[in-house]
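Residue 328 in numbering that gives the first Met the number 0 sits at position 329 of the sequence shown, with consecutive numbering throughout.
Have a look at the structure below, then the notes.
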Amino acid sequence: MHLDDRIGPWRNPRGQDVAISVAIVGGGPAGLTLAAALAQQGGFEIAVFERADDHSSAETYNPDRSYTIDITGHGLRAARFIGITDRFDAGLIHFKGLRIAPHPWLRRLAAGFAEEPYHGKGWTGSRGDICRCLQAHLRERHADSVALHFGAEAVLVDASQPQLRIASPGDVAGEVRRFDLVVGCDGGGSGVRRSIAEQASGFSVEGADLGNHSLMLHLDKHLDELDPQYLYVLAVHPVTAVAGAINGPGGPADPRWFCQIGFSGTMRFDSAADAGRFLDRAHPLLRHFASDTKVEEFSQRQCLPTGKTKRCSSLVAGRVALLGDAGAPVPPVGQGVNAAMEGATVLAKCLHEHRDSLDAALAAYAATWGRETDALRRIAMTVDLSQPMTPFRILMASFLGYSGLRLAKREDLSYAEAWETFRRGEDRIRCTPLGLMLPRQRD
């Protein structure tokens, strides 16, 4: 598909509508949702550049990173906006809520799991599961206005023009191309964000790190005791352990189970036996659902950092916007993909509502979505595993109805509203005897 080299207004001098060229760097959930939202609005010529392989032919899961993602609340709003709920119904696992294992010393007294139901519509899957659904949706409904380029490395050359240098594997020089708008959707380690920081005066990035890390444990035993429509909290101390299902080779009806185990810092095991003893201390159910082979694989995996967050001084610089983890990466609290998808629809709406002024559209996006990402960042920063009372604080807040994680999932609340509700709940918790002993959360 040919893309114009022009840089200009939303309308030509005679007032006639023209297609706006938009380059999306990154073909993950944020980029693919944005492409669908813009194509649905009409009037955009969209190119998505993804350096990895085509999602339809890529590996179905990564044993080191294939944690279960739930699409609920904010993600559901985005799914409805782009009209993909039917495909998610068919291609992902439906989500019904959480099941929480009793503490090991209560396990003999408490039969089964405590249940925290989710009453809305939702789905679970891996990042790859979600991307395959979004990609199929684009190819089926928007092939005429969206070009998907896989194996394409796109580097921001000039944020004010804006220009990208696009290269395929083996092409050192690449080709420089101009667009009306570039949107960086290239993840937490965003190259677009890094280029903006180098080029744009006044643009700054603040970082913070809770120190949280995680390892993936593949579950392969007694799986008939687990329902793939639930996420399972299998431990809260001394580590957090949340298990869930993703699509297996046979799709949603053939689930694979993974458990993401979170640590307050990096963790290494001397042997499989060492890892097994650690899992036993965390909760006997972890070994109940994982064979010795899977425990050995777990013991050899690299502990990945998950506690990093960044705040950009703006989500816009020149004619470049940042979306998803590229603009506001947060520790995993079940909202990364949900926020990325909703942010994509917010950007698309701003571009549609301000068709006569790109500057006004981008300013509206930066103001509107910037407030939301700031609130989500504050919610995510409350999950600080270095604080020994954090798991108990989360459970207590959930019991009192003021859990930041639960509030963030609600479809009827913005992230800003969820944060304010959480803060009021924190004040209530601090008035209890246990709350008086809890350290204050970082803001």
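For every residue, glycine included, the Cβ atom is placed at its ideal position computed from N, Cα and C.
Outcome for residue 270 when other beta-carbon atoms lying within 10 angstroms are tallied against a minimum of 16
exposed
Can you have a look at residue 352 and say buried or exposed, based on whether 16 or more other CB atoms are within 10 angstroms of its CB?
exposed
Cut-off 8 Å between Cβ atoms - residues of its own chain near residue 38, not counting five sequence neighbours on either side
45, 137, 140, 141, 144, 145
Which of the three DSSP states is assigned to residue 500 in this structure?
There is no way to answer for residue 500, as the model of the chain reaches only from 0 to 442.
Start-to-end residues for the alpha helix (DSSP H) that takes in residue 90:
84 to 90
Quick one: does the C-beta of residue 40 sit closer than 7 Å to a heavy atom of the ligand MN?
Only the bare structure without any ligand can be found here, which leaves the ligand MN out of the picture.
Using the Cβ count rule (16 or more neighbours within 10 Å means buried), how would you classify residue 85?
exposed
Quick check: the Cα distance between residue 202 and residue 402, rounded to an integer number of angstroms?
33 Å
Leaving out five residues before and five after residue 131 in sequence, what residues of the same chain have Cβ atoms less than 8 Å from its Cβ?
54, 55, 90
State buried or exposed for residue 28, treating a residue as buried only when at least 16 other CB atoms are found within 10 Å of its CB.
buried
According to DSSP, is residue 228 helix, strand or coil?
coil
Length of the line joining the Cα atoms of residue 87 and residue 315:
31 Å
Helix, strand or coil: how does DSSP classify residue 283 here?
helix
Roughly how many whole angstroms lie between the Cα atoms of residue 423 and residue 416?
11 Å
If we ignore side chains and look at the alpha-carbon of each, how far apart do residue 79 and residue 128 end up?
18 Å
Would you call the region 360 to 372 and the region 331 to 351 in contact, with 3 or more CB pairs under 8 Å?
yes
Is the region 163 to 178 touching the region 57 to 64, taking contact as three or more C-beta pairs under 8 Å?
no
Starting from the N-terminal side, write out each stretch of the beta strand (DSSP E) that is 3 residues or longer and does not extend beyond the region 99 to 139.
113 to 116, 122 to 124
Quick check on the burial criterion: 16 or more other C-beta atoms within 10 angstroms. Buried or exposed for residue 379?
buried
Could you say if the region 247 to 256 and the region 268 to 283 meet the contact criterion of at least three C-beta pairs nearer than 8 Å?
no
Could you give the first and the last residue of the continuous beta strand (DSSP E) run that contains residue 261?
250 to 262
Bridge partner(s) assigned by DSSP for residue 208
307
Determine which residues share a DSSP beta bridge with residue 93 and list them.
122
With DSSP collapsed to three states, give me the class of residue 320.
strand
Please go through the same chain and pick out, in chain order, the residues whose beta-carbon is closer than 7 Å to the beta-carbon of residue 9, but skip the five residues on each side of it.
Caution is warranted here: a pLDDT of 37 is assigned to residue 9, below 50, making its placement in the model unreliable, and the coordinate value is therefore given only provisionally. Excluding residues within five positions, the ones whose Cβ falls inside 7 Å are 19, 354, 355, 356, 357.
Do the CB positions of residue 92 and residue 123 come within less than 8 Å of each other?
yes
Just to check my reading of the structure: residue 151 and residue 167 have Cβ atoms closer than 8 Å, yes? What is that Cβ distance to the nearest angstrom?
6 Å
Validate contact between the region 213 to 220 and the region 256 to 269 using beta carbons, cut 8 Å, 3 pairs:
yes
Backbone secondary structure at residue 412 - three-state DSSP
coil
Note the first and the last residue of the continuous alpha helix (DSSP H) segment covering residue 448.
Outside the shown range of the chain (0 to 442) lies residue 448, about which nothing can therefore be said.
Buried versus exposed, by CB contacts within 10 Å (16 or more), residue 179
buried
Can you find the residues in the same chain that come closer than 6 Å, C-beta to C-beta, to residue 278, ignoring five residues on each side of it along the sequence?
285, 286
What is the DSSP secondary structure of residue 162, reduced to helix, strand or coil?
strand
Beta-ladder partner(s) of residue 174, from DSSP:
165
Starting from residue 151, trace the alpha helix (DSSP H) both ways and give me its first and last residue.
Element bounds for residue 151: n/a, residue is neither H nor E.
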